[in-house]
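Each remark here refers to the structure printed beneath this line.
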Amino acid sequence: MRSPRILLIGPYDPLCGEYTFLAPPLGVWRLAGVLESAGAEAKVFDPNCCAGPPGRALERELLACPWDVIGVSTTGMTLRFDLELAHLARRLAPRALLVAGGMEATFGPELMFRLGPFDCVVLGEGERPMLELVARLRSGASLRGITGTAERAADGGYVRMPQRALDRTELRDAIFRTPYEKMPYSSYWDRLEDAYRVGALPTKAAREARLAEVRSVRLITLNYCPMGCTFCSSTNFLHEAQGSVASIARLDAEECVQMLQRIVSAHPRVRTVIFQDDIFVFTKDRRILPLCEAIIAAKDTGALPRELQFISTNRIDAMSPERLAAMRQAGFRVLGFGIENFSHNVLSEFNKAHIYSHIRPTLTTALELGITPFLDLILSSPRATLADIAATLREAYHWLRQGCEVGMYPYVIPFSGAAMSADPALRPFTVYERRQVAGTQVAWDQPSKILPMDPAVRETILRIERDFEESLLQLQPRAAHLPSRLRSLLWIQCSVQAMAEQGLPIADAEEVRSEFTARLPQLADAEPVRSELPAAGLAQLADAQAVRSELPAGLAQLRPPAAVPRVATA
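Residue numbers (this note's numbering): 79 to 648.
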């Protein structure tokens, strides 16, 4: 009997949002590597990086050979587009077993069965249930009742069969089987270098800095973040699949270095490795110092390139001066911190009050060492006051000017599986958007935002958002995208007038506009642009290509939003 053929489809993001970045879907590839090691024929299709329109490209793949299983990875932000590809797969490959996986599928099997043509849903990590599926295909056994899946029930409902999370050995083996040698990173880099006009940058230093961002490879060494932030769904992902609290598992220092060597061997042009873990360094971390020492030693012996750099996302309360210095020496140039907010009240609401006292000293030390902190911020929370918002805007502007990078959301996004999404007290303040799956009659109302309870706070944050979106519309004819560093300044600029009217000054409007133009060195005519920037936003940019060249490729997403799956079809 021939080996089972499995097609794995990554999440589809045609809108290419601020917090996404063109890169191979790592979880999908990890699963493909595990399946190939078991003798299956596994192929990865990335709709975000394919030849021609994604629908046509997928059609070619579907008709190329008879597929036994087609896995579709789903996220909250991309669900309508993921479902579009799933319906296309069902029409063109009616005999294939169609499987949904990922964050959205794990938290909402009923939604998958209602909106999609799926035969089953994988809960949590995909390796174990998909390996069982392959074994049953070979033996001709029934494909029902597989642990780690949900399936339709006779009464129209569905049945869940929980699975335990991968233990440390299983996780290590899965990560080691990720087929980096087959992952077409060069295709992604070439697209990015062309889109960002790297070759047109005026100086070698500028070109080298941009290449360090573009030529990045990602590595996951941890199974999940256990911190329990109330806005986050990924913290509950494995718990949901297991039906109980999952244990932490991650690679040790030696294993991390082995993977780094494999990555460099497979992709010699790599400049930066991004550790994709939600948290790379814990407070009681016994790995980070030995890892930094091992990286330095590997660079000294030539086992790793001396110029290889690293990016990671970390707990800010885990960053001692000793650890920061060691990471800087090892080559960590950007450290992401999920600060979320500068108000102690809001941090308490997010279950992160413990980090408050660590923010300023850690950022100060990191900057002094030459490390760029990247701060993830949410401007408002359900119970935020105007004073809370003002505090975050002021501090964000301060740290931007000090040299930090900042990514901002105006409010909490209600990701499936997050504590806030399940809080009945917040439902009256949750906004829904009507979603339609292209090419079908399938439509549903999807939660899109959780707004502040206080009417004045709610109206203010919505006003700021309206001004922000209007400014972006004016920019769109000239620039398809602005990097986080510029979008954050745009949020601040759009808040100045609204907050001042509430008696809460944020910053001088002209100063913010000057900061914005100063970060666009490739503008064709900076003076006219500076003079034409309106008080409510930042419009009339002179040169679209200049803006594109400022895209912070490697910084576009230091940590995925909570909706991004840890393991695709998982």
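We put the CB at the ideal spot given by N, CA and C, even for glycine.
Excluding the 5 residues flanking residue i on each side, which residues of the same chain have their C-beta closer than 6 Å to its C-beta?
| i | result |
| --- | --- |
| G572 | Correcting the residue type first, residue 572 is Cys in the shown sequence and not Gly. Closer than 6 Å at Cβ, skipping near neighbours: I542, D545, F546 and G615. |
| R80 | none |
| G416 | D454 |
| E511 | Q524 and S526 |
| V359 | I366, N392 and A396 |
| I357 | C303 and R393 |
| A120 | I84, A110, L113 and E114 |
| R246 | A327 |
| G321 | P240 |
| Y487 | I456 |
| T440 | I394 and M397 |
Do residue j and residue i count as a contact pair if the criterion is CB distance below 8 Å?
| i | j | result |
| --- | --- | --- |
| A469 | F420 | yes |
| M239 | G223 | yes |
| T152 | G133 | no |
| I449 | Y489 | no |
| M208 | L113 | yes |
| R325 | A431 | Residue identity differs from the one stated: residue 325 is Ser in this sequence, not Arg. For S325 and A431, no; Cβs fall outside 8 Å. |
| L504 | P460 | yes |
| H436 | D466 | no |
| Y258 | P187 | no |
| V535 | L471 | no |
| A110 | L136 | no |
| P451 | A444 | yes |
| V484 | R563 | yes |
| S265 | C127 | yes |
| V212 | A178 | no |
| S458 | I570 | no |
| D355 | I298 | yes |
| P103 | P92 | no |
Go through its chain and collect everything with a Cβ distance to residue i's Cβ below 8 Å, but skip five positions before and after it.
| i | result |
| --- | --- |
| L215 | P82, D146, V147 and L221 |
| I374 | Q407 and A408 |
| E605 | Its pLDDT being 37, under 50, E605 is placed unreliably by the model, and the measurement read from it follows with that caveat. Nothing listed; no residue qualifies. |
| W267 | V292, R293 and R347 |
| P530 | S458, S459, P460, R461, A462, Y489, F507, R536 and I539 |
With distances taken Cα to Cα, identify the nearest neighbour of residue i among the options.
| i | options | result |
| --- | --- | --- |
| P506 | S526, V515 and W522 | S526 |
| V509 | Y487, I87, T518 and I491 | I491 |
| L567 | E579, L582 and R591 | R591 |
| L382 | L113, R349 and T440 | R349 |
| K260 | L163, H345, G186 and D363 | H345 |
| L300 | F254, E511 and E119 | F254 |
| R674 | L100, I528 and L582 | The structure shown does not extend to residue 674, since the chain is modelled only from 79 through 648, so no value can be given for it. |
| S115 | T443, C127 and D251 | D251 |
| W107 | G380, G204 and C482 | G204 |
| L189 | G154, A171 and A174 | G154 |
| F309 | I528, A576 and E182 | I528 |
| T256 | E579, L553 and V122 | V122 |
| T361 | H422, I433, A376 and V342 | I433 |
Please determine whether the Cβ atom of residue i lies at a distance below 7 Å from any heavy atom of the ligand COA.
| i | result |
| --- | --- |
| S322 | The ligand content of the structure shown is nil, which means the ligand COA is not present either. |
What does a CB cutoff of less than 7 Å around residue i pick up in its chain, not counting 5 residues either side in sequence?
| i | result |
| --- | --- |
| P612 | Because P612 carries a pLDDT of 36, less than 50, the predicted location of this residue cannot be relied on, and the following value inherits that uncertainty. Here the set comprises nothing. |
| L307 | Just to set this straight, residue 307 is Cys in the shown sequence, not Leu. Same-chain partners within the cutoff: T313, F428, N429 and K430. |
| T227 | C198, V199, V200, L201, P207 and M239 |
| R340 | Y258 |
| E229 | C198, R222, Y236 and V237 |
| P195 | A164, H165, R168 and L176 |
| F185 | S311, E318, S494 and G495 |
| D532 | T463 |
| W522 | L193 and R513 |
| A171 | L140, W145 and I148 |
| F191 | R230 and Y236 |
| R644 | Below a pLDDT of 50, predicted positions are generally treated as unreliable, and R644, at 30, falls in that range; no measurement from the model is reported. |
Cβ contact check for the segment 152 to 161 and the segment 496 to 512: 3 or more pairs under 8 Å: no
Three or more C-beta pairs below 8 Å linking the segment 365 to 375 and the segment 395 to 404: yes
Inter-stretch contact (C-beta, 8 Å, three-pair minimum) for the segment 136 to 143 and the segment 326 to 333: no
In chain order, each beta strand (DSSP E) run of at least 3 residues that lies wholly inside the segment 322 to 353: 350 to 353
Any 3 or more C-beta pairs closer than 8 Å across the segment 342 to 360 and the segment 386 to 393: yes
The segment 511 to 530 contacting the segment 472 to 479, beta-carbon criterion three pairs below 8 Å: no
Length at least 4, wholly inside the segment 400 to 469: the alpha helix (DSSP H) runs in chain order: Listed in chain order, the complete alpha helix (DSSP H) runs (minimum 4 residues) inside the segment 400 to 469 are 422 to 427 and 437 to 446.
Segments assigned alpha helix (DSSP H), at least 4 residues, entirely inside the segment 171 to 223: 181 to 185, 187 to 193 and 205 to 217
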